[in-house]
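Student: Dumping the structure here so I can ask a few things about it.
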Amino acid sequence: MTGSVEDGGGSVAAVRAAVTGCADRPAIITRHAELDWSGTLESAARIAGALRSLGVGRGDRVAILAANDGLYVQLYLAIPWIGAVLTPLNCRWSVAENAFALADCRPSLMIVGEGFEQAAQDAIARSGLALPVVSSGALRPEWVPASEFSGHAPVPPEQVDGDAPWGIFYTGGTTGRAKGVMLSGANVAGNSQTVRTLGVFPDGCRALIAAPLFHLAGASALMSTMLAGGAAVVAPGFHPAETPRLIADNGVTDAFLVPAMIRMVLDDPGFDPGLLSGVQRILYGASPMSEALLDRITAAAPHAQFYQAYGMTETSAAATLLTPDMHRDENRRAGKHRSAGRAIPGTEVRVADPAGRPVAVGEVGEILVRGPGVMLGYWEQPETTAAALANGWMHTGDGGYLDEDGLLFVVDRMKDMIVSGGENVYSAEVEAVLDSHPAIAQCTVIAVPDARWGERVHAVVVFHPDTDTGEEELVAYCRDHIAAYKCPKSFEFVPVLPLSAAGKVLKAELRARHWTGQSSNVS
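Take 4 as the starting number for the sequence shown in this note's numbering and just add one per residue.
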């Protein structure tokens, strides 16, 4: 690749340089259409011209409320094409949450996908903004149809500083005040390109884009695909019954799927493992894979290599990467596949005590990250930004440790640590044990109030169908693997766990049922 990630240009310059010579190759594949790179760049230039005619300029925010589709992919080029700032909104958020995001970032324009018209109208009304809207679905009298984008003359891309704001991604909206994470084009394009150097999303790949594009994980997978001159096979949403066929019919080589998504695909009653035989690389995140799940997906996708990324929106997605060799042979037998890998090139990872000093090998501390992927800051929250970036390091709030080989093991969110009778219990350690039980499909562990111990270890469990396992068996199983004080003292058996768009369990939602009216250190 030539051009702008390294020399300070923006994401558009990086993509245009990367796809030189790829004009006739497919760039966007949806259920209904296929667009090559020549058409994609021309379309992006026309959409950029339309946005400019609607008053959008350099530095203006453009909000998007839509499911994944071909237009959404093109907006990832068209909005930064004129130096404007992508502001994707979470389709799963409530009207109140998206109204807050709108009022907070004050966009110049909102683009609304089909099926989200009412949610958009309600959020705009609640935000108090007078906001122009472009809609690809049903129209209100004052809204502009997205179909008019194609009629505008193309405009040349703006010369954009790579360190200028490129996107604002809202995170943390489930508790407290949502934060708009500001990322630059150099942050995101640079991070995506670095991940590519480690083997995933190679040149000319066909990548499944099933993770939502309002989430940085989906955006990062898309950016990596673009920088590869590859084709984005766009799924409007994640549907376990349809995903394998989508992969097979479109020759997908690379896929980003969190473990929860992989499990749902494999558990679907109509799953045909032959449909995954062409997949060459699977990148996953949100959590490690259990032994059982890794065995199952390896059997279903026998030619796939596995990568795990650890990071957060504030680090432009990946801060570390676990490579395929750590999923195999003696590395797997040694438990290395449960790690999050090593820092990606150019990024530093430190495990620190509360004063920011490195802790010893094997000792748990807070994971800190420093490098070119670290965010510009939180939108209009200088004090929160200063705290998060204290001493030049991104304080992730995650607890972890480094082993003797420099591999990072993530043990918990620091706030998710359970303090029971004065002993610290890391929920991730308990979850790993429960997850290895053959009857358990999914689980999570939280702190709940306890009159005697202050907090007790509480497990929320989803069983595989047709199991007759009960509490006593699970307690005995845990006692065979971990200290008694770490074992769950109570259980809750549920049909499903609540998941975020990133595939992470919404522990705050589960905790809230138990802590209402109680004093607690967890949120």
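Ideal Cβ positions, reconstructed from N, Cα and C, are used throughout, including at glycine.
None of the values given here were measured: they were computed from a predicted structure.
Going by Cα to Cα distance, which pick from HIS218, GLY60, PRO110 is closest to GLU161?
Tutor: Shortest Cα-Cα distance from GLU161 to any of HIS218, GLY60, PRO110 involves GLY60.
Student: Count the other CB atoms within 10 Å of the CB of ASN101; is the residue buried (16 or more) or exposed (fewer)?
Tutor: buried
Student: Kindly confirm or deny that the stretch 18-26 and the stretch 230-241 touch, where touching means at least three C-beta pairs closer than 8 Å.
Tutor: yes
Student: According to DSSP, is PRO83 helix, strand or coil?
Tutor: helix
Student: Where do the N-terminal and C-terminal ends of the alpha helix (DSSP H) with ILE50 fall, by residue?
Tutor: 40-56
Student: Taking the CB atoms as reference points, tell me whether THR33 and ASP63 lie closer together than 8 Å.
Tutor: no
Student: Determine the DSSP secondary structure at SER130, reduced to helix, strand or coil.
Tutor: helix
Student: Where does the unbroken beta strand (DSSP E) through HIS461 begin, and where does it stop?
Tutor: 457-466
Student: What does the Cβ neighbour count give for GLN121, buried or exposed, with the cut at 16 atoms within 10 Å?
Tutor: exposed
Student: Note down the Cα distance separating TYR488 from GLY221, rounded to an integer number of angstroms.
Tutor: 39 Å
Student: Would you say VAL465 and VAL448 are within 8 Å of each other, going by their C-beta atoms?
Tutor: no
Student: Along the chain, where does the beta strand (DSSP E) containing LEU260 start, and where does it finish?
Tutor: In the DSSP annotation of this structure, LEU260 is not part of any beta strand (DSSP E), being labelled neither H nor E.
Student: Please confirm if the stretch 374-381 is in contact with the stretch 179-190, defined as three or more CB-CB distances below 8 Å between the two stretches.
Tutor: yes
Student: Rank SER223, ARG345, GLY344, THR200 by C-alpha distance to the C-alpha of ALA210 and give the top, closest one.
Tutor: SER223
Student: What distance in whole Å lies between the Cβ atoms of ALA320 and LEU219, which are believed to be in contact at a cut-off of 8 Å?
Tutor: Confirmed, about 5 Å.
Student: Are there 16 or more other CB atoms within 10 angstroms of the CB of GLY86, so buried, or fewer, so exposed?
Tutor: buried
Student: Within 8 Å, do at least three Cβ pairs link the stretch 358-375 to the stretch 280-289?
Tutor: no
Student: Over what stretch of residues does the alpha helix (DSSP H) that includes SER150 continue unbroken?
Tutor: Careful: SER150 lies outside any alpha helix (DSSP H) and carries neither H nor E.
Student: Indicate the three-state DSSP secondary structure (helix, strand or coil) for GLN308 in the structure shown.
Tutor: strand
Student: Taking 8 Å as the cut-off, decide whether the C-beta atoms of LEU74 and ALA123 are in contact.
Tutor: No; because the gap between Cβ atoms is not below 8 Å, this pair is not in contact.
Student: Please classify TYR381: does DSSP put it in a helix, a strand, or coil?
Tutor: strand
Student: Does the stretch 124-137 come within contact of the stretch 98-112, defined as at least 3 CB pairs closer than 8 Å?
Tutor: Contact holds: three or more Cβ-Cβ distances are below 8 Å.
Student: Using the DSSP secondary-structure output, state which residues sit across from ILE445 in a beta bridge.
Tutor: The residue you asked about is not Ile; residue 445 is Gln in the sequence shown. According to DSSP, which records beta bridges pairwise, GLN445 is partnered with VAL465.
Student: Which residues does DSSP list as the beta-bridge partners of HIS398?
Tutor: Its beta-bridge partners are LEU371.
Student: Give the straight-line distance between the Cα atoms of ILE250 and LEU80, rounded to the nearest whole angstrom.
Tutor: 24 Å
Student: What number of angstroms, rounded off, separates the C-alpha of PHE309 from the C-alpha of PRO327?
Tutor: 5 Å
Student: Which residues in the same chain as LEU502 place their Cβ atom closer than 8 Å to its Cβ, once the five residues preceding and following it in sequence are excluded?
Tutor: Cβ within range, chain order: ALA263, VAL508, LEU509.
Student: Can you name the start and end residues of the alpha helix (DSSP H) that SER247 belongs to?
Tutor: Checking the sequence shown, residue 247 turns out to be Pro, not Ser. Run containing PRO247: 246-252, per the alpha helix (DSSP H) assignment.
Student: Is TYR313 near the ligand ZN, with its Cβ less than 7 Å from a heavy atom?
Tutor: This structure lacks the ligand ZN; in fact it carries no ligand of any kind.
Student: Sorted by chain position, which residues of the same chain lie with C-beta nearer than 7 Å to LEU216's C-beta, five sequence neighbours on each side aside?
Tutor: Beyond the five residues adjoining it in sequence on each side, LEU216 comes within less than 7 Å, by CB distance, of ASN71, TYR75, PRO91, ALA222, LEU225 in the same chain, given in chain order.
Student: Are ALA343 and PHE412 close, meaning C-beta to C-beta below 8 Å?
Tutor: yes
Student: Under 7 Å Cβ to Cβ from THR388, same chain only, skipping five residues before and after it: list those, please.
Tutor: GLY380, TYR381
Student: Please classify ASN427: is it buried, with 16 or more other beta-carbons within 10 angstroms of its beta-carbon, or exposed?
Tutor: exposed
Student: Are there 16 or more other CB atoms within 10 angstroms of the CB of HIS440, so buried, or fewer, so exposed?
Tutor: buried
Student: How about TRP169 and GLY281: do their beta carbons lie closer than 8 Å?
Tutor: Using a Cβ distance threshold of 8 Å, TRP169 and GLY281 do not count as a contacting pair.
Student: Short check: CB of HIS461 to CB of SER423, under 8 Å?
Tutor: Contact flag unset, no.
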